[in-house]
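Q:
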Amino acid sequence: MNRFESLDTLTGIAREAAINLLYRLADDELVIGHRNSEWTGHAPILEADIAFSSMAQDEMGHAQAYYTMLQQLGERDPDTLAFGRKPREFRCSSLVCLPKGDWGFSVLRQFLYDAAETVRLAAFVDSSFTPLAQLAGKLRGEEKYHLMHGRNWVLRLGNASDDSHRKMQAALHVAYPHALGLFEPTEYDEPLAQAGISPREEELKRQWESAIAPVLADAGLSMPEGVEPVYGGRVGRHPDALRELLESMQLVYNIDPTAKW
Amino acid sequence: MVDETQKHGNAETPKGADGTECRLSIVGCRTEGSDQAIDIRHSTFDNSSIAAIRRALETVVDPEIPVVNVVEMGMIAGVRMESGMVVIDMTPTFVGCPALDVIRENIRAAVSAVTAAHVTVNVVFDPPWTSDRISETGRQKLKAFGLAPPGERCSGALMQSLERTSCPYCDSTDTDVESLFGPTLCRSIHYCRSCLQSFEHFKAV
């Protein structure tokens, strides 16, 4: 199989597919990073506040790294990509768009998301697309703290009291169909798999399911059954929550996109 | 001092006990006691420029940890002369670290002061920065600063390993994790049951 050692060695359908993949990765990180930042100053305890603020900073940094790669592939600069696009141009999953909800929902969503990211980054380490493999190797070291944080909270709240357990189970019912949407198949699944850039979404989903199942079981939570995945995010169809989020996040930029900071 | 042959990365990825994959080969760069591996292309410089550039780099610190310089932090991955320019590869500690731009600019300014050539600082992820790249001197300075040096990255069950983080004040390992996140992206917060102090720890990544 060909290796794509640098960005310019990517051509044709492999290039188009890689660009699409990078948008999905970057937009997920940016949007969940923004959702995390909504807990800054509002989380139930100081450590929780610091954790979500730190994760927000990490995810924004990761988004920037992916956007920078996109810029090197001929797309627009990172600031324009983050702040200058309309909702339908985003390729994020609906999971990251959902409002932050209560604390239980936020930590559960974060856990489901971080587990998916862990699975993805592990696969990317062997990607034929060397710049992505290198970046993934770097990001994994940081993401393991996110996953550990999410897992600790899910276990704690799942097992704490009837009330916390009930809230976590309710959060799982809401989040799960959207979490499945993280693995929405796209027209680029085949080209990406054939080029050795990324495994198919179906394969990643299988790995994710076996990663989360034991933790949710230890937390005493039952897996929703017969769930229909919520798709659409990867082709630009989003819940209204994304429009509201972007209005808030892009507000200052849109007043004067040429302003220097 | 400078080992131009040592490279990091490219290893098998065995699984730790908690299923976390880890890259064991990188661990060697600290325990072998080498000073930081900077890939300096000697052929492109004369000896006095190498010494001057290295001294200049050693004056640049992370503003959030002002006691450790970028060489000791292991952030300098390579230095070379390319088309008449000095090119420095910097491998970032944390991708989202807000201090990166400042550090990058400070590196450029410091090296520009000792060379007439144009200086460019690239951000690279190859080799990936890991906490094992911090030199022994760097680790001692972190500890003296009250920041527990990073533990093993690949000790299997990471949480259990974090719960035995050695206190920088009294060296006890009878410690607890208070928070996986701290005042900067690179730190976690711990409590020492022996000397009853809270302390910070530079995360192993």
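Chains as they are written, first to last, in the numbering used here: chain A, 12 to 272; chain B, 706 to 910. Virtual Cβ for every residue (Gly too), placed ideally from N, Cα, C. Predicted model only: the values in this text are computed from it and were never measured.
(1) May I ask you to verify whether the stretch 150–168 of chain A touches the stretch 223–231 of chain A, counting CB pairs closer than 8 Å and requiring at least 3?
(2) How do the stretch 61–77 of chain A and the stretch 35–42 of chain A stand: do at least 3 beta-carbon pairs fall below 8 Å, yes or no?
(3) For S172 (chain A) and L166 (chain A), what's the separation of their Cα atoms in angstroms?
(4) DSSP beta-bridge partners for D767 (chain B)?
(5) Look at the Cβ atom of K848 (chain B), then the Cβ atom of P873 (chain B), and state whether they are nearer than 8 Å.
(6) Taking contact to mean at least 3 C-beta pairs separated by less than 8 Å, is the stretch 250–264 of chain A in contact with the stretch 201–215 of chain A?
(7) Using only the alpha-carbon positions, how far apart do A93 (chain A) and E763 (chain B) sit?
(8) Please report the distance separating the alpha-carbon of L146 (chain A) from that of K155 (chain A).
(9) For the stretch 775–862 of chain B, list the beta strand (DSSP E) runs that are entirely contained and at least 3 residues long, ordered along the chain.
(10) Using a Cβ-Cβ cut-off of 8 Å, state whether E810 (chain B) counts as contacting chain A.
(11) What's the gap between the Cα of S753 (chain B) and the Cα of T91 (chain A)?
(12) Quick one: Cα of G169 (chain A) to Cα of I808 (chain B), how far?
(13) Report yes if the CB atom of E195 (chain A) is closer than 8 Å to the CB atom of E212 (chain A), and no otherwise.
(14) Taking 8 Å as the CB-CB cut-off, is Y34 (chain A) touching chain B?
(15) Rounding to the nearest angstrom, what Cα-Cα distance links I43 (chain A) and V107 (chain A) in this structure?
(16) If contacts are defined as beta-carbon pairs under 8 Å, then V775 (chain B) and I812 (chain B) qualify, I think. What distance do you get, rounded to the angstrom?
(17) Grab the span of the alpha helix (DSSP H) containing E154 (chain A) for me, first residue to last.
(18) Are there 16 or more other CB atoms within 10 angstroms of the CB of E777 (chain B), so buried, or fewer, so exposed?
(19) Can a CB atom of chain A be found closer than 8 Å to the CB of V795 (chain B)?
(20) Measuring only the C-alpha atoms, how far is P250 (chain A) from R96 (chain A)?
(21) Pull up the CB-CB distance for G244 (chain A) and C103 (chain A), whole angstroms please, since I reckon it's below 8 Å.
(22) Sorted by chain position, which residues of the same chain lie with C-beta nearer than 7 Å to A909 (chain B)'s C-beta, five sequence neighbours on each side aside?
(23) Starting from the beta carbon of F904 (chain B), find every residue of chain A whose beta carbon is closer than 7 Å, and list them in chain order.
(24) Beta-carbon within less than 6 Å of D88 (chain A)'s beta-carbon, same chain only, minus the 5 sequence neighbours each way: which residues are those?
(25) Give the straight-line distance between the Cα atoms of P832 (chain B) and F799 (chain B), rounded to the nearest whole angstrom.
(26) Cα-Cα, which of B:S903, B:I894, B:V765 is closest to S65 (chain A)?
(27) Since I223 (chain A) meets chain B, which of its residues come closer than 8 Å, beta carbon to beta carbon?
(28) Beta-carbon of I208 (chain A) versus every beta-carbon of chain B: anything under 8 Å?
(29) Hey, does F61 (chain A) have any beta-carbon neighbour from chain B nearer than 8 Å?
(30) Between the stretch 881–908 of chain B and chain A, which residues of the former have a C-beta closer than 8 Å to a C-beta of the latter?
(31) Return the Cβ separation of M795 (chain B) and A782 (chain B) in integer angstroms, given the expectation that the two are a contact with Cβ distance under 8 Å.
A: In short, the structure shows the following:
(1) With a cut-off of 8 Å on Cβ pairs, the stretch 150–168 of chain A is in contact with the stretch 223–231 of chain A, counting three or more such pairs.
(2) With a cut-off of 8 Å, the stretch 35–42 of chain A and the stretch 61–77 of chain A count as touching, because enough Cβ pairs lie within range.
(3) Residue 172 (chain A) sits at position 161 when you count from the first residue of the first sequence. Residue 166 (chain A) sits at position 155 when you count from the first residue of the first sequence. Approximately 12 Å, taken between the alpha carbons.
(4) As a first step, residue 767 (chain B) is located in the second sequence; it is residue number 62 there, counting from the start. Paired residues: B:I770.
(5) Your numbering for residue 848 (chain B) matches position 143 in the second sequence. Your numbering for residue 873 (chain B) matches position 168 in the second sequence. Their beta carbons are under 8 Å apart, which means K848 (chain B) touches P873 (chain B) by this criterion.
(6) Cβ pair count under 8 Å is below three, so no.
(7) In the first sequence, residue 93 (chain A) corresponds to position 82, counting from 1. In the second sequence, residue 763 (chain B) corresponds to position 58, counting from 1. So the two alpha carbons sit approximately 36 Å from each other.
(8) Within the first sequence, residue 146 (chain A) is the residue found at index 135, counting from 1. Within the first sequence, residue 155 (chain A) is the residue found at index 144, counting from 1. Going by the C-alpha atoms only, they are around 15 Å apart.
(9) As far as the stretch 775–862 of chain B is concerned, its whole beta strand (DSSP E) runs of at least 3 residues are 781–787, 790–795, 823–828.
(10) Residue mapping note: residue 810 (chain B) aligns to position 105 of the second sequence, counting from 1. So no, E810 (chain B) is outside the interface.
(11) Here residue 753 (chain B) corresponds to residue number 48 of the second sequence, with the count starting at 1. Here residue 91 (chain A) corresponds to residue number 80 of the first sequence, with the count starting at 1. C-alpha separation (whole angstroms): 44 Å.
(12) Here residue 169 (chain A) corresponds to residue number 158 of the first sequence, with the count starting at 1. Here residue 808 (chain B) corresponds to residue number 103 of the second sequence, with the count starting at 1. One alpha carbon belongs to G169 (chain A), the other to I808 (chain B), and they sit about 43 Å apart.
(13) Within the first sequence, numbered from 1, the residue matching residue 195 (chain A) stands at position 184. Within the first sequence, numbered from 1, the residue matching residue 212 (chain A) stands at position 201. Inclusion of E195 (chain A) and E212 (chain A) in the CB contact set at 8 Å is warranted, their separation being smaller than that value.
(14) Here residue 34 (chain A) is taken as the residue at index 23 of the first sequence, counted from 1. By this cut-off, Y34 (chain A) is not an interface position.
(15) Translated into the one-based positions of the first sequence, residue 43 (chain A) becomes position 32. Translated into the one-based positions of the first sequence, residue 107 (chain A) becomes position 96. Computed Cα separation, rounded: 5 Å.
(16) Within the second sequence, the letter at position 70 stands for residue 775 (chain B). Within the second sequence, the letter at position 107 stands for residue 812 (chain B). Yes, V775 (chain B) and I812 (chain B) are in contact; Cβ-Cβ is about 6 Å, under 8 Å.
(17) Numbered from 1 along the first sequence, position 143 holds the residue referred to as residue 154 (chain A). Per DSSP, the unbroken alpha helix (DSSP H) holding E154 (chain A) starts and ends at 141–171.
(18) In the second sequence, counting from the first residue as 1, residue 777 (chain B) sits at position 72. It counts as buried.
(19) As a position in the second sequence, residue 795 (chain B) is number 90, starting the count at 1. Residue identity check: residue 795 (chain B) is Met in the sequence provided, not Val. Not one chain A Cβ lies under 8 Å of M795 (chain B).
(20) Position 239 of the first sequence, counted from the first residue, corresponds to residue 250 (chain A). Position 85 of the first sequence, counted from the first residue, corresponds to residue 96 (chain A). When the Cα atoms are used, P250 (chain A) and R96 (chain A) turn out to be separated by approximately 16 Å.
(21) To locate residue 244 (chain A), count along the first sequence from 1; it is residue 233. To locate residue 103 (chain A), count along the first sequence from 1; it is residue 92. Right, the Cβ-Cβ distance comes to about 6 Å (below 8 Å), so this counts as a contact.
(22) One-based indexing of the second sequence puts residue 909 (chain B) at position 204. Once the five neighbours on either side are set aside, the close Cβ partners of A909 (chain B) are S836, P855, G856, E857, R858.
(23) Locating residue 904 (chain B) in the second sequence gives position 199, where the first residue counts as 1. In chain order: nothing, as chain A lies at least about 15 Å away.
(24) As a first step, residue 88 (chain A) is located in the first sequence; it is residue number 77 there, counting from the start. Closer than 6 Å at the Cβ level, and outside the excluded window around D88 (chain A), lie Q82.
(25) As a working mapping, residue 832 (chain B) is identified with position 127 in the second sequence. As a working mapping, residue 799 (chain B) is identified with position 94 in the second sequence. P832 (chain B) and F799 (chain B) have their C-alpha atoms roughly 13 Å apart.
(26) Residue 65 (chain A) sits at position 54 when you count from the first residue of the first sequence. Among B:S903, B:I894, B:V765, the Cα nearest to that of S65 (chain A) belongs to B:I894.
(27) Locating residue 223 (chain A) in the first sequence gives position 212, where the first residue counts as 1. Against chain B, the beta carbon of I223 (chain A) has no neighbour under 8 Å; the closest one sits roughly 13 Å away.
(28) Translated into the one-based positions of the first sequence, residue 208 (chain A) becomes position 197. No, because no Cβ of chain B sits closer than 8 Å to the Cβ of I208 (chain A).
(29) The residue labelled residue 61 (chain A) in the question sits at position 50 within the first sequence. Note that residue 61 (chain A) is Ile in the sequence shown here, rather than Phe. Closer than 8 Å: yes.
(30) Answer in chain order: E883, S884, L885, F886, G887, P888, L890, S893, I894, K908.
(31) To locate residue 795 (chain B), count along the second sequence from 1; it is residue 90. To locate residue 782 (chain B), count along the second sequence from 1; it is residue 77. Taking the Cβ atoms as the reference, M795 (chain B) lies roughly 7 Å from A782 (chain B), within the contact range of under 8 Å.
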